[in-house]
Amino acid sequence: MDLEQFRQLCLSFPYTDEYLPFDEHTLAFRVGGEGGKIFCLTPLDRADQPSANLKSDPEKAIELREEHAAIVPGYHMNKKHWNTVYLEEGLSNQLIRELVADSYQLVFDSLPLKLRKALASGE
Numbered sequence: 003m004d005l006e007q008f009r010q011l012c013l014s015f016p017y018t019d020e021y022l023p024f025d026e027h028t029l030a031f032r033v034g035g036e037g038g039k040i041f042c043l044t045p046l047d048r049a050d051q052p053s054a055n056l057k058s059d060p061e062k063a064i065e066l067r068e069e070h071a072a073i074v075p076g077y078h079m080n081k082k083h084w085n086t087v088y089l090e091e092g093l094s095n096q097l098i099r100e101l102v103a104d105s106y107q108l109v110f111d112s113l114p115l116k117l118r119k120a121l122a123s124g125e
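Using the working numbering, the first residue of the sequence shown is number 3, and each one after it goes up by one.
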């Protein structure tokens, strides 16, 4: 999956936007707008080896790393909860979709209840 396909995938999740919170080279996808949380980070300056940091259940994170060489502990992240996924290293698009969906859901579920209710009601 190339970076633009990955970007479109991330933006397909409800209440998601993209922004550059740290610098012009690190694209973040967050759920919940300005009061929300990041579920994915991807470097824009490594087009030759596109990757993304995705949140994961700690036990599943370890399993994924053991099963796939293209999934490693999260770069500059809490390695217990985040994996770096190399998008063009033999992983199926389906697996990448599942990993993004898992990350999104973990982060969405951790949003404050008030924000989740506001999003659900369209406020």
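Backbone N, C-alpha and C fix where the C-beta goes; we use that ideal spot for every residue, glycine too.
Measure the C-alpha to C-alpha separation of residue i and residue j and round it to an integer number of angstroms.
{"i": "SER58", "j": "GLU20", "result": "20 Å"}
{"i": "PHE8", "j": "PRO60", "result": "23 Å"}
{"i": "LEU29", "j": "GLN96", "result": "22 Å"}
{"i": "LEU121", "j": "TYR17", "result": "7 Å"}
{"i": "LYS82", "j": "VAL109", "result": "15 Å"}
{"i": "GLY124", "j": "PRO23", "result": "25 Å"}
{"i": "TYR88", "j": "TYR106", "result": "18 Å"}
{"i": "LEU101", "j": "ASP25", "result": "25 Å"}
{"i": "HIS70", "j": "SER53", "result": "14 Å"}
{"i": "GLU6", "j": "ALA49", "result": "10 Å"}
Just to confirm my understanding: we take residue i, look at its own chain, exclude 5 residues before and 5 after, and list those with CB closer than 8 Å. What are they?
{"i": "ARG1", "result": "The structure shown has nothing for residue 1, since the chain only spans 3 to 125."}
{"i": "HIS27", "result": "PRO45, LEU46 and ASP47"}
{"i": "ASP104", "result": "LEU56, LYS57, SER58, ASP59 and LYS62"}
{"i": "GLU90", "result": "MET3, ASP4, GLN51 and PRO52"}
Output needed for residue i: all residues of its chain with C-beta closer than 6 Å, excluding positions within five of it in sequence on either side, in chain order.
{"i": "ILE98", "result": "MET3"}
{"i": "ALA63", "result": "ASN85"}
{"i": "TYR77", "result": "THR86"}
Checking the sheet assignment: what are the DSSP bridge partners for residue i?
{"i": "GLU20", "result": "PHE31"}
Can you find the residues in the same chain that come closer than 7 Å, C-beta to C-beta, to residue i, ignoring five residues on each side of it along the sequence?
{"i": "MET79", "result": "ASN55"}
{"i": "GLY92", "result": "ALA72"}
Exercise. Is it a yes or a no for the segment 29-44 touching the segment 8-15, going by three-plus beta-carbon pairs under 8 Å?
Worked result: yes
Problem set entry | Ordered list of alpha helix (DSSP H) runs contained in the segment 37-88, each at least 4 residues | The segment 37-88 contains these whole alpha helix (DSSP H) runs: 60-69.
For this session: Assess, as a yes-or-no matter, whether the segment 31-39 is touched by the segment 110-120 under the definition of 3 or more beta carbon pairs within less than 8 Å.
Result: yes
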